[in-house]
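Remarks on the structure that follows.
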Amino acid sequence: RRKTGTEVGFLFFFCDEFKGFKLGNEEFVNRLYKTFMGREADKAGVEFWVNQIEVQGVSRESVVEQFAGCPEFADICAASGIIAA
């Protein structure tokens, strides 16, 4: 069975090598925007997601899951012949 785009995203963002970068929450969110939305993050978006992680206690895994469910990621996957979820 082929992995979905979401599964590959999880494998990438939570592999030991990537975790070894020890990114702060802001840089982590910036990378999510580039990966799952294909664009640079906007300031308000970064502030929202960093707040979710740091203040609301939302896990990084949950944030990745939410990014993976966005329409932009579905479009990126479809354009590449990848099943998003």
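Take the sequence shown: its position 27, counted from the start at 1, is 34 in our numbering, and no numbers get skipped. Just so you know, even glycine gets a beta-carbon here, dropped at the ideal spot from N, CA and C. Predicted, not measured: the structure shown is a model, and the values here were computed from it.
With a beta-carbon spacing of about 7 Å, GLY12 and PHE80 fall inside the 8 Å limit used to define contacts. Contact annotation, GLU33 with VAL57: C-beta distance approximately 6 Å; criterion of less than 8 Å satisfied.
Counting only residues of its own chain and dropping the five nearest sequence neighbours on each side, GLY16 has a CB closer than 6 Å to the CB of ALA75. Counting C-beta pairs with one atom in each stretch, the segment 18-37 and the segment 49-69 have three or more that are closer than 8 Å, which means they touch. Burial is judged here by how many other beta carbons sit within 10 angstroms of a residue's own beta carbon; CYS84 has at least 16 and is buried.
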